[in-house]
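Novice: Residue numbering for the sequence shown follows the working numbering, starting at 48 and increasing by one per position.
For glycine and all other residues, C-beta sits at the position ideal for the given N, C-alpha and C.
Have a look at the structure that comes next, please.
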Amino acid sequence: MNQDPVKVDRVEWLRLFPGLSLLQAARLGFRVRVLVPACFCLMVFAARQNVAEILWDFSPPPDRLRIAYRIEEPVFPVPVKAVVTGASRILASGILNNPWEFVSVIWSGLVLTVFGIAVSRSAATEYCIHSRTGVFSAMRFSFKHFTAGLVSTVLAASIVMAPLLVVSIAGWVMNFGSAGAWLVAICWPIVFLFGMLSIVVTIMCLIGWMLSLAAIGTDQCSGADALSRGINYVLSHKLLTALYLVTVIVVSSAAARIADWLIKAGTSVVSSRIENNHGTSPGILTDWMTAIQQVPHAVHLGVFLSGVTIMYVLLRQAEDGVHLREIDGAVTRTPKN
48 MNQDPVKVDR VEWLRLFPGL SLLQAARLGF RVRVLVPACF CLMVFAARQN
98 VAEILWDFSP PPDRLRIAYR IEEPVFPVPV KAVVTGASRI LASGILNNPW
148 EFVSVIWSGL VLTVFGIAVS RSAATEYCIH SRTGVFSAMR FSFKHFTAGL
198 VSTVLAASIV MAPLLVVSIA GWVMNFGSAG AWLVAICWPI VFLFGMLSIV
248 VTIMCLIGWM LSLAAIGTDQ CSGADALSRG INYVLSHKLL TALYLVTVIV
298 VSSAAARIAD WLIKAGTSVV SSRIENNHGT SPGILTDWMT AIQQVPHAVH
348 LGVFLSGVTI MYVLLRQAED GVHLREIDGA VTRTPKN
């Protein structure tokens with residue numbers, strides 16, 4: 048056996064620690080082809096108030112009318128936060144007590160389905176095969192696979208509602224006087240377990256659903272296959288998924304802070320040299336300033352969705368042994384008639 052020492056000229060850090068690839072999400076999130084769909088996503092997302100007023104004839108509470116970027120605690124991007132917050136409140140007290148959250152979850156889910164697939168496509172092609180997918184190509188891809196995204200979204204919502212149905216039936220049985228109360232009391236451990244199960248299922252499905260959008264953007268999966276992959280990866284690699292998700296949250300939050308600082312610094316430089324002596328500003332100038340102030344939101348969302356896409360590719364390799372550079376795997380494995 049050869050006992051001679053081996054000289055190591057280079058360490059493949061990404062091979063040793065694949066999770067370091069998630070840092071590339073910060074670079075991808077600042078790309079124009081990712082920022083533009085993210086900006087459109089925020090614009091369409093903001094229209095949910097008008098949708099609620101037209102279809103359901105009610106307005107959201109005053110504290111939820113405005114998209115306020117809180118630099119102190121930017122955990123999730125605004126549309127993702129709307130889904131997470133709405134789902135948790137509906138889970139706690141039902142749909143009837145949270146009509147605005149119900150509308151917000153539906154609208155946010157559909158918006159993320161459309162623009163999330165587009166961002167994932169751009170991020171996946173650049174990360175996997177170092178190819179560029181422009182804004183129009185990504186949006187065409189998203190609309191082409193919207194049915195798959197919709198199926199994945201509906202299936203995820205159905206899975207979440209399944210254990211809640213048992214709890215709702217128990218609440219309905221309680222209305223049948225003392226007999227119903229006694230029946231629910233006897234079955235209370237089962238009802239309680241379904242209540243706990245609903246929390247676990249909701250968390251699992253939310254993460255699996257986000258991964259399913261990345262699966263559609265990366266591998267052109269069908270809706271059922273994409274959600275199946277997402278949930279399977281979450282269940283098979285719980286700690287790794289949690290670690291990757293925390294990393295994505297930290298990276299996207301840091302990118303949002305940097306974008307916010309750049310916007311404020313740029314505004315300060317311009318304002319110090321361009322003074323308005325008339326005391327009033329043209330409306331278009333105010334609109335431009337408002338739009339520019341939304342850039343940190345777009346960066347936050349773009350980096351987050353790019354990170355989830357890379358997260359999907361890493362989990363795909365860990366679970367299925369698929370090479371990081373493979374893309375459109377579901378299409379290439381499907382025989383053509």
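Touching or not, the region 277-287 and the region 305-315, by the rule of three or more beta carbon pairs under 8 Å?
Specialist: Flag = no, the region 277-287 and the region 305-315 do not touch.
Novice: On the DSSP letters alone, give me the boundaries of the alpha helix (DSSP H) that Ser140 sits inside.
Specialist: By one-based count along the sequence shown, residue 140 stands at place 93. Unbroken alpha helix (DSSP H) run through Ser140: 125-140.
Novice: By a C-beta neighbour count over all protein chains shown, 10 Å radius and 16 as the cutoff for buried, is Asp266 buried or exposed?
Specialist: Within the sequence shown, the letter at position 219 stands for residue 266. It counts as buried.
Novice: Report the rounded CA-to-CA distance for Ser299 versus Ala228, giving the unit in angstroms.
Specialist: Translated into the one-based positions of the sequence shown, residue 299 becomes position 252. Translated into the one-based positions of the sequence shown, residue 228 becomes position 181. Rounded to whole angstroms, Ser299 to Ala228 spans 48 Å at the Cα level.
Novice: Which term fits Ala289, buried or exposed, when burial requires 16 or more other beta carbons within 10 angstroms of its beta carbon?
Specialist: As a first step, residue 289 is located in the sequence shown; it is residue number 242 there, counting from the start. Result: exposed.
Novice: What is the DSSP secondary structure of Gln71, counted as helix, strand or coil?
Specialist: The residue you call residue 71 lines up with position 24 of the sequence shown. Helix at Gln71.
Novice: State the start and end residues of the unbroken alpha helix (DSSP H) segment that holds His177.
Specialist: Indexing the sequence shown from 1 puts residue 177 at position 130. Run containing His177: none; DSSP gives neither H nor E here.
Novice: Check Ala93 in the structure and name its three-state DSSP category.
Specialist: Your numbering for residue 93 matches position 46 in the sequence shown. Three-state DSSP puts Ala93 in a helix.
Novice: Could you check the C-alpha separation between Asp375 and Ala226 for me, to the nearest Å?
Specialist: Taking the first residue of the sequence shown as position 1, residue 375 is located at position 328. Taking the first residue of the sequence shown as position 1, residue 226 is located at position 179. Approximately 57 Å, taken between the alpha carbons.
Novice: Nearest by alpha-carbon distance to Tyr344: which of Met208, Ser205, Ala302 is it?
Specialist: Mapped onto the sequence shown, residue 344 falls at position 297. Before going on, a small fix: residue 344 reads as His here, not Tyr. Residue Ala302 is the option with its Cα nearest to His344.
Novice: Where does Ser318 sit, in a helix, a strand or coil, going by DSSP?
Specialist: Sequence index remark: in the sequence shown, residue 318 carries index 271 (1-based). Three-state result, Ser318: helix.
Novice: Report buried or exposed for Ala262, applying the criterion of at least 16 other Cβ atoms within 10 angstroms of its Cβ.
Specialist: As a first step, residue 262 must be located in the sequence shown, where it is residue number 215. That one is buried.
Novice: Could you tell me which uninterrupted alpha helix (DSSP H) segments, each at least 4 residues in length, are contained entirely in the region 156-221, listed from first to last along the chain?
Specialist: The region 156-221 contains these whole alpha helix (DSSP H) runs: 182-191, 193-220.
Novice: Taking the alpha-carbon positions, what's the Ile137 to Phe149 distance?
Specialist: Residue 137 sits at position 90 when you count from the first residue of the sequence shown. Residue 149 sits at position 102 when you count from the first residue of the sequence shown. Computed Cα separation, rounded: 7 Å.
Novice: Helix or strand or just coil, what does DSSP make of Val342?
Specialist: In the sequence shown, residue 342 corresponds to position 295, counting from 1. DSSP places Val342 in helix when its eight states are reduced to three.
Novice: Could you give the uninterrupted runs of the alpha helix (DSSP H) lying entirely in the region 234-299, keeping only those of 4 residues or more?
Specialist: Fully enclosed alpha helix (DSSP H) runs of 4 or longer: 235-266, 270-283.
Novice: Is the beta carbon of Val220 less than 7 Å from the beta carbon of Leu230?
Specialist: On the sequence shown, position 173 is the one that residue 220 refers to. On the sequence shown, position 183 is the one that residue 230 refers to. Going by C-beta atoms, Val220 is nearer than 7 Å to Leu230.
Novice: Using 8 Å as the cut-off, can you tell me whether the region 191-208 makes contact with the region 269-277, which would need three or more C-beta pairs spanning the two stretches below that distance?
Specialist: As far as the Cβ criterion goes, the region 191-208 touches the region 269-277, which means the pair count is three or higher.
Novice: In three-state terms, what does DSSP make of Arg310?
Specialist: As a first step, residue 310 is located in the sequence shown; it is residue number 263 there, counting from the start. Going by the sequence as given, residue 310 is Ile instead of Arg. It is helical.
Novice: So for His347, helix, strand or coil by DSSP?
Specialist: Mapped onto the sequence shown, residue 347 falls at position 300. Correct three-state label for His347: helix.
Novice: Please state the DSSP three-state secondary structure of Leu371.
Specialist: Looking up residue 371 in the sequence shown gives position 324. Reduced to three states, the DSSP call for Leu371 is coil.
Novice: Return the CA-CA distance between Thr356 and Ala170, expressed in angstroms with no decimal places.
Specialist: Counting from 1 along the sequence shown, the entry for residue 356 is found at position 309. Counting from 1 along the sequence shown, the entry for residue 170 is found at position 123. Taking the straight line from one Cα to the other gives about 7 Å.
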